[in-house]
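Undergrad: For reference, the structure I am asking about is given below.
Residue numbers (our numbering): 699 to 928.
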């Protein structure tokens, strides 16, 4: 395990732990070292380790079990007749964009038409927290709140099939979501885009909400491509 020279760099701890999991040093379901042990091994603060675990959980690499600790996440079964449509080995970024485009534009249209006043307040609170995390460059919170913002919108459709499809898609999108928040120049875009979508909910403007969601997704995937070329 590599020692990290700069303390409190969450993303450095994230990459270190990801490497341990991806290399097979920790098998799926195996408990990871306790926070104190990782602090000592990597030469970082406990705060850095806690933040890293939050990011890794949001990305689907670890599972946090209250009172028990952090565990390497179970891998999904890829082979045989149990293979799911959303686990296609040859799925590219553009494929996910197309499916997400269909799910989230339909979702936001239905959500705006069916959402309650209380749910709009709930979405506004999530956006408020997201903006605060953006200002402090809290990557862990940004990843979790971004997923929560989009998941809540789909839940407001009250369509159980759409909610189930989105849940499966969200699980596979976590790595891309983490990728899109890897640069503060890029993730700063998301706060304004979310605000525009929230404004449509407040005005109950479904058509504009669809347009704003399309714009959001176009910019998000353009940002990912930009980061990959940097």
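Glycine included, each C-beta is placed from N, C-alpha and C at the ideal position.
Using the C-alpha atoms, what's the distance from residue 796 back to residue 745?
TA: So the alpha carbons of these two residues sit roughly 38 Å apart.
Undergrad: Among 841, 758, 868, which has the Cα closest to the Cα of residue 720?
TA: When only C-alpha atoms are compared, the closest one is 758.
Undergrad: Could you tell me whether any Cβ in chain D is nearer than 8 Å to the Cβ of residue 849?
TA: As a matter of chain content, chain D is missing from the structure shown, which is built from one protein chain.
Undergrad: Quick one: is residue 722 buried, meaning 16 or more other Cβ sit within 10 Å of its Cβ, or exposed?
TA: Residue 722 should be labelled exposed.
Undergrad: Relative to the C-alpha of residue 848, which residue among 866, 806, 754 is closest?
TA: When each option's Cα is compared against that of residue 848, the closest is 806.
Undergrad: For residue 749 versus residue 831, is the C-beta distance shorter than 8 Å?
TA: Going by C-beta atoms, residue 749 is not nearer than 8 Å to residue 831.
Undergrad: Might you give, ordered along the chain, the residues of its own chain that have their beta carbon closer than 6 Å to the beta carbon of residue 780, omitting 5 neighbours on each side?
TA: Summary for residue 780: the model assigns pLDDT 34, below 50, so the residue's position carries little reliability; its value from the coordinates is reported in the next sentence. So the list is empty, once near-sequence residues are dropped.
Undergrad: Taking the CB atoms as reference points, tell me whether residue 864 and residue 808 lie closer together than 8 Å.
TA: Taking 8 Å as the Cβ cut-off, residue 864 and residue 808 do not qualify as a contacting pair.
Undergrad: Residue 826 lies in the alpha helix (DSSP H); which residues open and close that run?
TA: 815–833 is the extent of the alpha helix (DSSP H) around residue 826.
Undergrad: Bridge partners of residue 770, per DSSP?
TA: Beta-bridge pairing links residue 770 to 760.
Undergrad: Do residue 824 and residue 843 have their beta-carbon atoms positioned less than 8 Å apart in this structure?
TA: Yes; because the gap between Cβ atoms is below 8 Å, this pair is in contact.
Undergrad: Whole angstroms are fine: how far does the CA of residue 734 sit from the CA of residue 867?
TA: C-alpha separation (whole angstroms): 35 Å.
Undergrad: Excluding the five sequence neighbours on either side, which residues of its own chain have a C-beta within less than 6 Å of the C-beta of residue 891, listed in chain order?
TA: 914, listed in sequence order.
Undergrad: Ends of the alpha helix (DSSP H) at residue 840?
TA: Where residue 840 is concerned, the enclosing alpha helix (DSSP H) stretches over 837–853.
Undergrad: Suppose only complete runs of 4+ residues qualify. What are the alpha helix (DSSP H) ranges in the stretch 707–744, listed by chain order?
TA: Correct list: 708–720, 733–740.
Undergrad: Do you know how far the Cα of residue 751 is from the Cα of residue 765?
TA: Going by the C-alpha atoms only, they are around 14 Å apart.
Undergrad: Can you tell me whether residue 811 is buried or exposed? The criterion is at least 16 other CB atoms within 10 Å of its CB, across all chains shown.
TA: The residue is exposed, with fewer than 16 neighbouring Cβ atoms inside 10 Å.
Undergrad: On a Cα-Cα basis, can you pick out the residue from 803, 851, 800 that is closest to residue 822?
TA: It is 851.
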